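Take a look at the structure below.
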Amino acid sequence: MMTKTRSEQKRRLIEKHRLHWTTVWIWFSFAAAFFCLQGLLLWDLLRGSLWLAIPLILIIAHLMHCHLLAMHEAAHGSLCPQRWLNEGIGIFIGSSSYMSLSLFRVVHQSHHSYPTTERDEELWPFVHPAIPRWRRILTAACELFLGLFFTPFLFLRAFLRRNSSIQNRAVRRRIWIELAITATWSGASLAAVAWWSLWYYGVMLYLIPALLAGFMQSLRKYIEHMGLTGSTILASTRSVVATGVFGRFLAFTMFNEPYHGVHHTYARLPQLALPDFTGLLEPTAPDDVAPYSSYYRALCDMVGSLGNPRIGAQWEHK
3 MMTKTRSEQK
13 RRLIEKHRLH
23 WTTVWIWFSF
33 AAAFFCLQGL
43 LLWDLLRGSL
53 WLAIPLILII
63 AHLMHCHLLA
73 MHEAAHGSLC
83 PQRWLNEGIG
93 IFIGSSSYMS
103 LSLFRVVHQS
113 HHSYPTTERD
123 EELWPFVHPA
133 IPRWRRILTA
143 ACELFLGLFF
153 TPFLFLRAFL
163 RRNSSIQNRA
173 VRRRIWIELA
183 ITATWSGASL
193 AAVAWWSLWY
203 YGVMLYLIPA
213 LLAGFMQSLR
223 KYIEHMGLTG
233 STILASTRSV
243 VATGVFGRFL
253 AFTMFNEPYH
263 GVHHTYARLP
273 QLALPDFTGL
283 LEPTAPDDVA
293 PYSSYYRALC
303 DMVGSLGNPR
313 IGAQWEHK
């Protein structure tokens, strides 16, 4: 009976890992909503009436954050069953946010292979006990409020620093190509804005929402890991299993990333299947973190750690 149960569990897990087109259609719907709202915001700005601008900018910023999470899905190869489309969407999103898909993928792999350890490039410098407190606080402030620029810097640091873990020549060549695409697209956009003197519209339509999206991205990352010094998945991640309709809808728009402990357990599990494995989030050890019922509760638990931002069991050893 035990063998049969394990066999059924294995078949279920294999089935849940099967890729479907649903996720990419969800992203297309988010992209359509993003461009429609951008058009509505432009119309409001041209009319000179800004009463719609603030709510529109907030929603657009959230959709930009959703796009970044879609790139995260593409980096795991789970956004779309068709590989060329999966890569194309990831590169498109990356080039609009100063990021290389391949660079994000290889650095993010360190986050899954060596989570919250000193080899976790994505959580630098908070995983290094040797780095002084003032520097970690300054880094946290920059990442939160200037995430649009700091996040690309963080990944470029892992790529360009001496003794980089990214040594594969083919991977490095692809990263350089994608960075060139990003630089070309960004330069052309900036040149067009300067040529037609569209600075006001550029700031309102892109810069402000993008800065807010960068803040959302960094805040979500901190909620997931900041201040946790356990050595297991559940002891080093915060997961949110919302009980309300709004919370579940928010998780849906974020590609179910709030089920973060499940994602770290099965990194290639498609986002629509993550809620089916909430049983994995139940604590089994004293230092395991139980799932939160809302993002607000998880945020409140994280905020206190920003006075001494640190992540990983190595801090306990220190």
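Here my numbering is used: the first residue of the sequence shown is 3, the next is one more, and so on. Using N, Cα and C, we set each Cβ at its ideal position, and we do this for glycine too. Note that the structure is predicted; figures quoted are calculated from it, not measured.
Beta-carbon contacts of residue i that lie in its chain and below 7 Å, excluding the five residues immediately before and after
| i | result |
| --- | --- |
| residue 219 | 67, 70, 149 and 153 |
| residue 174 | 168 |
| residue 2 | Only positions 3 to 320 of the chain appear in this structure, which leaves residue 2 out of reach. |
| residue 4 | Here residue 4 scores only 45 on pLDDT, less than 50, and its place in the model should not be relied on; the value that follows carries that caveat. If we look at residue 4 and ignore the five residues flanking it on each side, it has no Cβ neighbours. |
| residue 275 | 18 |
| residue 201 | 195 |
Straight-line gap, residue i to residue j (C-alpha atoms, nearest Å)
| i | j | result |
| --- | --- | --- |
| residue 293 | residue 203 | 41 Å |
| residue 162 | residue 126 | 15 Å |
| residue 224 | residue 117 | 14 Å |
| residue 306 | residue 288 | 21 Å |
| residue 164 | residue 156 | 14 Å |
| residue 284 | residue 278 | 13 Å |
| residue 19 | residue 270 | 7 Å |
| residue 35 | residue 136 | 41 Å |
| residue 295 | residue 252 | 13 Å |
| residue 213 | residue 33 | 18 Å |
| residue 10 | residue 264 | 19 Å |
| residue 2 | residue 64 | In this structure the chain extends from 3 to 320, so residue 2 is not present and cannot be described. |
Backbone secondary structure at residue i - three-state DSSP
| i | result |
| --- | --- |
| residue 26 | helix |
| residue 309 | helix |
| residue 234 | coil |
| residue 129 | coil |
| residue 208 | helix |
| residue 242 | strand |
| residue 116 | coil |
| residue 4 | The predicted model places residue 4 with a pLDDT of 45, which falls under 50 and marks its position as unreliable; any figure quoted below should be read in that light. Residue state, collapsed to three classes: helix. |
| residue 203 | helix |
| residue 100 | coil |
| residue 297 | helix |
| residue 268 | coil |
| residue 291 | coil |
CB-CB length for residue i against residue j, believed under 8 Å
| i | j | result |
| --- | --- | --- |
| residue 281 | residue 184 | Contact flag wrong, Cβ pair sits at about 40 Å. |
| residue 103 | residue 89 | 7 Å |
| residue 160 | residue 123 | 4 Å |
| residue 2 | residue 128 | Since the first residue of the chain shown is 3 and the last is 320, residue 2 is not available in this structure. |
| residue 260 | residue 62 | That belief does not hold up - the Cβ atoms of residue 260 and residue 62 are roughly 21 Å apart, past 8 Å. |
| residue 21 | residue 83 | 4 Å |
| residue 250 | residue 303 | The Cβ separation is near 20 Å, so there is no contact. |
Cβ shell of residue i (< 8 Å), same chain only, five flanking positions each side left out
| i | result |
| --- | --- |
| residue 55 | 43, 46, 47 and 206 |
| residue 267 | 235, 279 and 282 |
| residue 248 | none |
| residue 180 | 93, 96, 97, 102, 103, 104 and 105 |
Own chain, CB closer than 6 Å to residue i, minus 5 neighbours either side, in chain order
| i | result |
| --- | --- |
| residue 255 | 68 |
| residue 187 | 97 |
| residue 242 | 260, 294, 297 and 300 |
Residue i CB to nearest heavy atom of the ligand MN below 8 Å
| i | result |
| --- | --- |
| residue 40 | Only the bare structure without any ligand can be found here, which leaves the ligand MN out of the picture. |
Count Cβ pairs between the stretch 307-316 and the stretch 220-231 that sit closer than 8 Å; are there 3 or more?
yes
If contact is defined by three or more beta carbon pairs under 8 Å, each pair taking one atom from either stretch, is the stretch 137-144 in contact with the stretch 191-202?
no
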